[in-house]
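**Q** Questions regarding the structure given below will be posed in turn.
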Amino acid sequence: MADDNNVFDMSERQSGGSWTKWIRTAVIIIVLLFLLIVGLMNVFIVEQGEYKVVTQFGEVVRIEEQPGISAKIPFIQQVASLPKYQMNYDITSAEINTLDKKRVLVDNYAVWRVENPQAMIANAKTIENAESIMANYINSVIRSELGQLEFEQIINEDDSARGDVNEMVSSRVNELLEEGNYGIALTDVRMKRTDLPEDNEKAVYRRMISERESTAQEYLSEGDAEANRIRANTDKEVTEMISSAEADAEEIIGEGEGEAAEIYNDAFSRDPEFYELYKTLQTYEKTIDDETVIVLPSDSPYARILMGYVD
Numbered sequence: 000m001a002d003d004n005n006v007f008d009m010s011e012r013q014s015g016g017s018w019t020k021w022i023r024t025a026v027i028i029i030v031l032l033f034l035l036i037v038g039l040m041n042v043f044i045v046e047q048g049e050y051k052v053v054t055q056f057g058e059v060v061r062i063e064e065q066p067g068i069s070a071k072i073p074f075i076q077q078v079a080s081l082p083k084y085q086m087n088y089d090i091t092s093a094e095i096n097t098l099d100k101k102r103v104l105v106d107n108y109a110v111w112r113v114e115n116p117q118a119m120i121a122n123a124k125t126i127e128n129a130e131s132i133m134a135n136y137i138n139s140v141i142r143s144e145l146g147q148l149e150f151e152q153i154i155n156e157d158d159s160a161r162g163d164v165n166e167m168v169s170s171r172v173n174e175l176l177e178e179g180n181y182g183i184a185l186t187d188v189r190m191k192r193t194d195l196p197e198d199n200e201k202a203v204y205r206r207m208i209s210e211r212e213s214t215a216q217e218y219l220s221e222g223d224a225e226a227n228r229i230r231a232n233t234d235k236e237v238t239e240m241i242s243s244a245e246a247d248a249e250e251i252i253g254e255g256e257g258e259a260a261e262i263y264n265d266a267f268s269r270d271p272e273f274y275e276l277y278k279t280l281q282t283y284e285k286t287i288d289d290e291t292v293i294v295l296p297s298d299s300p301y302a303r304i305l306m307g308y309v310d
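Residue numbering for the sequence shown follows numbering that gives the first Met the number 0, starting at 0 and increasing by one per position.
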């Protein structure tokens with residue numbers, strides 16, 4: 000009976016020792032895993048084209064720029080990533096009033112970069128806040144600059160005023176960002192689109208159509224006036240040509256009649272009787288047709304000629 004009790008006690012001791020060993024091993028494994036996780040959480044990788052900003056209690060303690068692996072103090076330090084490359088940002092459309100009292104919707108985009116990571120984290124905090132601050136400055140400056148231009152200067156792409164405005168906006172916004180020490184810089188700003196508010200867009204279109212119709216009517220009036228002038232000049236030239244031709248014809252007729260008279264006179268002077276006969280025959284030719292009946296004395300010169308008698 001005593002031997003059985005001893006065996007039972009030894010079995011219990013072996014079983015209890017085994018459980019203790021397993022618990023100790025599990026604790027060690029858990030601790031090692033915890034240390035590994037903590038270690039991994041406090042190791043970070045610096046990628047190409049980015050800044051890693053390490054902060055401690057909200058203050059920037061260092062900035063990592065070179066690609067590779069780095070570490071921070073567990074639970075005390077935090078790491079923020081900032082891009083080194085230039086970024087595009089579409090700015091919300093803004094309504095402005097032009098110099099000639101027209102309202103215009105202007106849609107812009109900006110190209111910007113982080114210039115000073117420490118100042119950017121300290122004052123702008125995040126990329127989103129930095130873009131919001133920059134957009135407010137851009138809209139304010141654009142409203143001021145475009146307010147000094149007329150509507151036609153803004154919408155006309157061939158007008159150099161728009162290019163000048165872009166340069167002035169970039170310069171002025173960078174001054175404001177530098178004054179605020181936000182650690183960012185505006186590389187470029189451009190107007191993507193300029194639209195009229197819907198309520199006055201139709202009115203402007205109607206005015207433009209009216210102006211085009213007025214211009215077309217001016218061209219038509221000028222064309223009609225020119226056509227009338229050409230017709231008047233042509234009529235004048237035709238009248239002058241007809242008058243000149245009639246004068247020439249009268250002159251030629253006069254010359255012909257004169258020459259004919261000279262010929263008649265010359266013929267009459269040479270043989271008056273023959274000339275008299277010739278004139279008589281011409282008269283008969285003009286006055287007598289096939290149905291005319293005339294009575295001639297037998298001794299008339301004309302009758303003698305018809306009967307074959309020639310003196």
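Where a beta carbon is used, it is the ideal one built from N, C-alpha and C, also for glycine.
Grouping DSSP H, G and I as helix and E and B as strand, with all else coil, what is Q77?
**A** For this step, residue 77 is matched to residue 78 along the sequence shown. Of the three classes helix, strand and coil, the one that applies to Q77 here is strand, per DSSP.
**Q** Could you tell me the distance, in whole angstroms, from the CA atom of V42 to the CA atom of W21?
**A** Counting from one through the sequence shown, the residue named residue 42 turns up at place 43. Counting from one through the sequence shown, the residue named residue 21 turns up at place 22. Straight-line Cα distance between these residues: approximately 32 Å.
**Q** When the distance is taken between beta carbons, is P73 closer than 8 Å to E46?
**A** The residue you call residue 46 lines up with position 47 of the sequence shown. The residue you call residue 73 lines up with position 74 of the sequence shown. No, the Cβ-Cβ distance between E46 and P73 is not below 8 Å.
**Q** Three-state secondary structure (DSSP) at Y50?
**A** To locate residue 50, count along the sequence shown from 1; it is residue 51. If DSSP states are grouped into helix, strand and coil, Y50 belongs with the strands.
**Q** Are the beta-carbon atoms of G182 and N115 separated by less than 8 Å?
**A** Within the sequence shown, residue 182 is the residue found at index 183, counting from 1. Within the sequence shown, residue 115 is the residue found at index 116, counting from 1. Closer than 8 Å, so yes.
**Q** Out of I126, A134, L145, which has the shortest C-alpha to C-alpha gap to D99?
**A** The count along the sequence shown starts at 1 and reaches residue 99 at position 100. It is L145 whose Cα lies nearest to the Cα of D99.
**Q** Pick out the complete beta strand (DSSP E) segments inside the stretch 162-200, 3 residues or longer, and give them in chain order.
**A** Entirely contained in the stretch 162-200, the beta strand (DSSP E) runs reaching 3 residues are, in chain order, 183-194.
**Q** Can you give me the Cβ contacts of V292 inside the same chain, cut-off strictly under 7 Å, excluding the 5 residues immediately before and after it?
**A** The residue you call residue 292 lines up with position 293 of the sequence shown. Cβ within range, chain order: n/a, list empty.
**Q** Going by CA-CA distance only, name the one from V188, N264, E239 that's closest to N165.
**A** Along the sequence shown, one-based indexing puts residue 165 at 166. The candidate whose alpha carbon is nearest that of N165 is V188.
**Q** N173 and A118 look like a contact to me (Cβ under 8 Å); what is the Cβ gap, rounded to whole Å?
**A** As a first step, residue 173 is located in the sequence shown; it is residue number 174 there, counting from the start. As a first step, residue 118 is located in the sequence shown; it is residue number 119 there, counting from the start. Between A118 and N173 the Cβ distance is about 14 Å, and since that is not below 8 Å, they are no contact.
**Q** Measure the alpha-carbon distance for Y263 versus G257 and round it to whole angstroms.
**A** Position 264 of the sequence shown, counted from the first residue, corresponds to residue 263. Position 258 of the sequence shown, counted from the first residue, corresponds to residue 257. Cα to Cα, Y263 sits roughly 10 Å from G257.
**Q** Could you tell me which of R102, A79, S139, E64 sits nearest to K317, measuring between CA atoms?
**A** The displayed coordinates of the chain run from 0 to 310. Any statement about residue 317 would go beyond what the structure contains.
**Q** Hey, how far is the Cα of T186 from the Cα of I132?
**A** As a working mapping, residue 186 is identified with position 187 in the sequence shown. As a working mapping, residue 132 is identified with position 133 in the sequence shown. Answer to the nearest angstrom: the Cα atoms are 15 Å apart.
**Q** By how many angstroms is the C-alpha of A226 removed from the C-alpha of A244?
**A** Position 245 of the sequence shown holds residue 244. Position 227 of the sequence shown holds residue 226. If I take the Cα positions, the gap works out to 26 Å.
**Q** Going straight from the alpha carbon of I75 to that of E127, what length do you get?
**A** Numbered from 1 along the sequence shown, position 76 holds the residue referred to as residue 75. Numbered from 1 along the sequence shown, position 128 holds the residue referred to as residue 127. Their Cα atoms are separated by approximately 25 Å.
**Q** Looking at the structure shown, is Q65 part of a helix, part of a strand, or coil, going by DSSP?
**A** The residue given as residue 65 occupies position 66 in the sequence shown. In the structure shown, Q65 sits in coil (DSSP, three-state: anything other than H, G, I, E or B).
**Q** Could you check the C-alpha separation between F7 and I44 for me, to the nearest Å?
**A** The residue given as residue 7 occupies position 8 in the sequence shown. The residue given as residue 44 occupies position 45 in the sequence shown. Low local confidence applies: a pLDDT of 45 at F7 is under 50, so the model's placement there is unreliable, with the coordinate-based value given in what follows. Their backbone Cα atoms lie some 59 Å apart in a straight line.
**Q** Is the beta carbon of I95 sitting closer than 8 Å to the one on Y108?
**A** In the sequence shown, residue 95 corresponds to position 96, counting from 1. In the sequence shown, residue 108 corresponds to position 109, counting from 1. Going by C-beta atoms, I95 is not nearer than 8 Å to Y108.
**Q** For my contact list, I153 and V103 are in at a C-beta cut-off of 8 Å; report their separation, rounded to the angstrom.
**A** Here residue 153 refers to the residue found at position 154 when the sequence shown is read from its first residue. Here residue 103 refers to the residue found at position 104 when the sequence shown is read from its first residue. Confirmed, about 6 Å.
**Q** Could you tell me the boundaries of the beta strand (DSSP E) in which F43 lies?
**A** The residue labelled residue 43 in the question sits at position 44 within the sequence shown. That run of the beta strand (DSSP E) goes 42-45.
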